[in-house]
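Undergrad:
Protein chains: 2
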Amino acid sequence: MIYKDLNIEELEKELAKVNEEFNRLKGLNLSINMSRGQPSQEQLDLSMPMMDVLNSKADLRCEDGIDCRNYGVLGGINEAKKLLGDLIEVPASNIIIYGNSSINVMYDQVARSFAKGVMGSTPWCKLDKVKWLCPVPGYDRHFAITEYFGIEMINIPMSQDGPDMDLVEKLVSEDESIKGIWCVPKYSNPSGITYSKEVVKRFAHLKPKAKDFRIYWDNAYSVHHLYFDNPDYLDEILNECKKAGNPDIVYKFTSTSKISFPGSGIAALAASDANLVDIKKQLSIQTIGFDKVNQLRQVRYFKNLDGIKEQMRMHANILRPKFEAAEEILDANLGGLGIGNWTKPHGGYFISYDGYNGTAKEIVAKCKEIGILLTDAGAAFPYHLDPNDSNIRIAPSAPQLDKVKEAIYAFCVVSKMVTLQKLINEKKEG
Amino acid sequence: MIYKDLNIEELEKELAKVNEEFNRLKGLNLSINMSRGQPSQEQLDLSMPMMDVLNSKADLRCEDGIDCRNYGVLGGINEAKKLLGDLIEVPASNIIIYGNSSINVMYDQVARSFAKGVMGSTPWCKLDKVKWLCPVPGYDRHFAITEYFGIEMINIPMSQDGPDMDLVEKLVSEDESIKGIWCVPKYSNPSGITYSKEVVKRFAHLKPKAKDFRIYWDNAYSVHHLYFDNPDYLDEILNECKKAGNPDIVYKFTSTSKISFPGSGIAALAASDANLVDIKKQLSIQTIGFDKVNQLRQVRYFKNLDGIKEQMRMHANILRPKFEAAEEILDANLGGLGIGNWTKPHGGYFISYDGYNGTAKEIVAKCKEIGILLTDAGAAFPYHLDPNDSNIRIAPSAPQLDKVKEAIYAFCVVSKMVTLQKLINEKKEG
């Protein structure tokens, strides 16, 4: 049954059934939060042994003898640089370890460029106009940063391979006011796709008109596979840029937030030597150094990349059933109706749902009415403006499996209800 | 024997003796660092039991049930706000808990004001000129922040009671481009003085021409007494400002850096409700939240203000002998020569030495030559420009007691040597 092919009478008959189911769900007093990409309690418990690796008998000196309890070591301790470098396939010498939040690191890069420019360029605050490319749908917290600094954001469509590189290449080569692009290149937030080799190569070979243009490469989900036996592959961008003679064009970000504890991991930035010199000039004014005891705690716990991978397999074992259940329920309830598409990601934290145009806000509102909390409709677009009002981000990680099932089923009911009503209205308006 | 009263021959005779002693010291291959206000190993060891309060069996939920391991809680957990609020005599509701560095918090306030203004004012980056008042001698990292943002710094002389308030009142009432003042109001860095009730009251009653003028009140040494039975008293600035009808004029900063571990404490900002609304608008873009597990660790360890005070008594018992030894050696070796003055602080981390004009740089250089590392001469002044080249900051906290004694004695020898040479040159030039 394809909804669009039904006549008004058939649609109304269908709607009556769905309404009844909606009212039944409303009576259940559900309360399920699928709004943010938060690990579940069960996932948090995986990292509890980390709390034991440093105790009052521990030697809190790092490998080179520095006492991690005291001030100093601006760029982070060497073994933490090594660990996070291995995680994102970059030499330790090209890494800075920060505090607990990679979003904070990205914000600080934009803030620095705004106040002081990039490697000697005019500070962005002195320019009449600064623009930014935003592959959509994308990560709302990225867009919030550029919006906060008054940067004009330009939507870039996404395909299964990554952003529309024809458009990216054209825009950056023509417009000097374009200073950056937000990328989540692996298991992208929210679409789940991984940039192809071709896309990464074209990024590395970009020839932007603005010398201070930077790719903000948020590698948040580098090892966050759902299927460890068949993980997505992503080319390493710093190395690709170097090979392309473009070493300074990218800042790469990562953290252990969704590997250890989301609020208490360590974040890192990777960049070329020249970028790091520029960044450290600012960083040495901003702080004496970040929390080295926590850096040491993470390293002593994970030991090496194998330790991280082992941890991520355990995360995957908790997450995978939730994603598979969600897909199954979406297929069973919405499949064949022709009212929406949804992603089937191989990693990351999100399912991206694209519904019938003009229904997303109403679906999210109606879900809220029956106790299912989703990310605000439009959040995955700059200025919260989804031009089609069709995209919804679903985050099935935090609730327990049975709750995910309940919530996704309820989502399907709501999606049908709102779409049926929309189709009826459209047919009536004729 | 007052050096200035000696004739050239007597000075040269004296210098010959001192030179001999300098050469003996040089032969000892000393290596003692008194350049930064760092706690000693012994002090760091005091906080080691803190490493045991959270282990893998611990409940990592805070008082209101939030799981500290996950994302969120932008302004910090309530019990941490309460603890640091008690520490600086401010209600918990007027506190934001940040990451590990109060300098980072101060930097971020200046950066925010630069990019976006203060409570709706014109962003400072859009102004032709921004100026700042800098009581001198002061804290080099403060001055580095304002210098980084291109803010013109104006020296304000300090007396035993605090900054010259006649001058502060005059300047801020006349000049709208003056947007702030750096203050270390208790056991000041480096002079050790505590602002008098009168000075605090005059700060609270300031009527700056600029509505976006803020007092940056860095209460870094609130409980860092050397003499717990007779601590300095400082009026609470937020309350004084409120009483004066000036609630928004101040940001107050603190941290547990020199209470627990310097690199792994928690920092806080206290301000009026209106300021906090303004600040949180920015903070919600910059991060999802700071490290709550470490907030919980600090609270579970110290429990309350009494716990902090008990810890600080132990710190004082380690620090006090170093300061007393330093004073004794300075008195014994430089007393009565009329070539310099030094402070005898009741708390904090520094001794401030004011030598004969034009000798500070040379004293620091010669000390370095024999292995005694001091803060760079001029560091306590904006742009590193000590107009008299006379001030030297001595930080006796980090080395062990016997090393402090060796280093201070060596400092006295160098100080005599450099000053004698200076006096001889001056007399010869006539």
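Each protein sequence line maps, in turn, to chains A and B.
Numbered per my numbering, the first sequence spans residues 290 to 719.
Numbered per my numbering, the second sequence spans residues 290 to 719.
The beta-carbon is built from N, C-alpha and C at its ideal position, and this holds for glycine as well.
The structure presented is a predicted model; accordingly, all values stated were derived computationally and were not measured.
Go to A:Ala-556, then tell me how far its beta strand (DSSP E) extends in each direction, as first and last residue.
TA: Element bounds for A:Ala-556: 556 to 559.
Undergrad: Is A:Lys-420 helix, strand or coil by DSSP?
TA: A:Lys-420: strand per DSSP, three-state reduction.
Undergrad: Per DSSP, A:Ser-462 is paired with what?
TA: Answer is none; A:Ser-462 lacks a bridge partner.
Undergrad: Along the segment 468 to 484 of chain B, what residues have a CB closer than 8 Å to any CB found in chain A?
TA: The segment 468 to 484 of chain B vs chain A, Cβ under 8 Å: nothing.
Undergrad: In the DSSP assignment, find the beta strand (DSSP E) that holds A:Glu-441 and state where it starts and stops.
TA: 441 to 448 is the span of the beta strand (DSSP E), which, as asked, contains A:Glu-441.
Undergrad: Ordered along the chain, which non-local residues of its own chain (more than five positions away) have a Cβ less than 6 Å from that of B:Ile-607?
TA: Cβ within range, chain order: Glu-331, Gln-332.
Undergrad: Cα separation between B:Thr-411 and B:Phe-502?
TA: The alpha-carbon atoms of B:Thr-411 and B:Phe-502 are separated by roughly 12 Å.
Undergrad: So, at 8 Å on beta carbons, what are the nonlocal neighbours of A:Asn-308 in its own chain, with the 5 sequence-adjacent residues on each side left out?
TA: Answer for A:Asn-308: Met-706, listed in chain order.
Undergrad: What is the rounded straight-line gap between the Cα of B:Asn-583 and the Cα of A:Pro-338?
TA: C-alpha separation (whole angstroms): 16 Å.
Undergrad: How many angstroms separate the CA atom of A:Ala-687 from the CA atom of A:Arg-325?
TA: Cα to Cα, the separation comes out at about 8 Å.
Undergrad: Is it right to say A:Ser-480 is buried, meaning 16 or more other beta carbons lie within 10 angstroms of its own, or is it exposed?
TA: That one is buried.
Undergrad: Starting from A:Lys-657 and walking both ways along the alpha helix (DSSP H), at which residues does that stretch end?
TA: That run of the alpha helix (DSSP H) goes 649 to 658.
Undergrad: If contact means a Cβ-Cβ distance below 9 Å, which residues of the segment 408 to 425 of chain B contact chain A?
TA: Going along the segment 408 to 425 of chain B in chain order, one finds Pro-412, Cys-414, Lys-415 with a Cβ nearer than 9 Å to chain A.
Undergrad: Confirm, please, whether the CB-CB distance from B:Asn-393 to A:Thr-576 is below 7 Å.
TA: Cβ distance < 7 Å, so A:Thr-576 and B:Asn-393 count as in contact.
Undergrad: Which chain A residues are close to B:Phe-579, counting only those with a beta carbon under 7 Å from its beta carbon?
TA: Ordered by position in chain A, the residues that pass the 7 Å Cβ test against B:Phe-579 are Asn-389.
Undergrad: Hey, B:Ser-511 and B:Pro-536: beta-carbon distance below 7 Å or not?
TA: Against a cut-off of 7 Å, the Cβ pair of B:Pro-536 and B:Ser-511 comes out as no contact.
Undergrad: Please name the residue in B:Glu-617, B:Pro-551, B:Ala-381 whose C-alpha comes closest to that of B:Leu-527.
TA: Ranking the options by Cα distance to B:Leu-527, first place goes to B:Ala-381.
Undergrad: A:Arg-313: which of A:Leu-349, A:Glu-695, A:Leu-662 sits nearest, CA to CA?
TA: Considering only alpha carbons, the answer is A:Glu-695.
Undergrad: Is the Cβ-Cβ distance between B:Gln-398 and B:Tyr-590 less than 7 Å?
TA: No.
Undergrad: Do the segment 540 to 555 of chain A and the segment 368 to 385 of chain A meet, that is, are 3 or more Cβ pairs less than 8 Å apart?
TA: Contact between the segment 540 to 555 of chain A and the segment 368 to 385 of chain A is present, because at least three Cβ pairs lie under 8 Å.
Undergrad: Using a Cβ-Cβ distance under 7 Å, would B:Asp-429 count as near chain A?
TA: B:Asp-429 does not count as touching chain A.
Undergrad: Can you list, in chain order, the residues of the segment 353 to 366 of chain B whose Cβ is nearer than 9 Å to any Cβ on chain A?
TA: From the segment 353 to 366 of chain B, only Asp-356, Cys-357, Arg-358, Asn-359, Tyr-360, Gly-361, Val-362 have a Cβ closer than 9 Å to chain A.
Undergrad: For B:Ile-291, count the other beta carbons within 10 Å of its own beta carbon; 16 or more makes it buried, fewer makes it exposed. Which is it?
TA: B:Ile-291 should be labelled exposed.
Undergrad: CB B:Lys-418 to CB B:Ser-466, shorter than 7 Å?
TA: For B:Lys-418 and B:Ser-466, yes; Cβs fall inside 7 Å.
Undergrad: How is the beta strand (DSSP E) around A:Lys-541 delimited, first residue to last?
TA: A:Lys-541 -> beta strand (DSSP E) spans 539 to 544.
Undergrad: Keeping to the same chain, check which residues put their C-beta closer than 7 Å to that of B:Val-693; ignore five residues upstream and five downstream.
TA: These residues qualify, in order along the chain: Lys-611, Ala-614, Ala-615, Pro-685.
Undergrad: Within 7 Å (strictly less), CB to CB, does B:Gly-552 reach chain A?
TA: So, interface residue.
Undergrad: Just curious, the beta strand (DSSP E) that B:Lys-306 is in, first and last residue?
TA: Run containing B:Lys-306: none in the beta strand (DSSP E); it sits in the alpha helix (DSSP H), 297 to 315.
Undergrad: Looking only at its own chain, which residues have a Cβ that is under 6 Å from the Cβ of B:Ser-391, when we skip the five neighbours before and after it?
TA: So the list reads Phe-542, Ser-544, Ala-556, once near-sequence residues are dropped.
Undergrad: Which of the three DSSP states, helix, strand or coil, is assigned to A:Lys-496?
TA: Here A:Lys-496 sits in coil by DSSP.
Undergrad: Output, in chain order, the set of chain A residues within a Cβ distance shorter than 9 Å of B:Asn-393.
TA: The contacting residues are Gly-388, Gln-575, Thr-576, Ile-577, Phe-579.
Undergrad: Is there a Cβ of chain A sitting closer than 7 Å to that of B:Asn-322, yes or no?
TA: No, no contact with chain A.
Undergrad: Would B:Tyr-387 and B:Phe-579 qualify as a contact pair, given that the criterion is a beta-carbon distance under 7 Å?
TA: For B:Tyr-387 and B:Phe-579, yes; Cβs fall inside 7 Å.
Undergrad: Just the Cα atoms here: how many angstroms apart are B:Glu-599 and B:Tyr-522?
TA: Cα-Cα distance, rounded: 18 Å.
Undergrad: If you run the structure through DSSP and keep just helix, strand and coil, what is B:Met-408?
TA: The answer is coil: DSSP assigns B:Met-408 none of H, G, I, E or B.
Undergrad: Can you pull the chain A neighbours of B:Leu-333, defined as C-beta to C-beta under 9 Å?
TA: Leu-349, Asp-356, Arg-358, Asn-359, listed in chain order.
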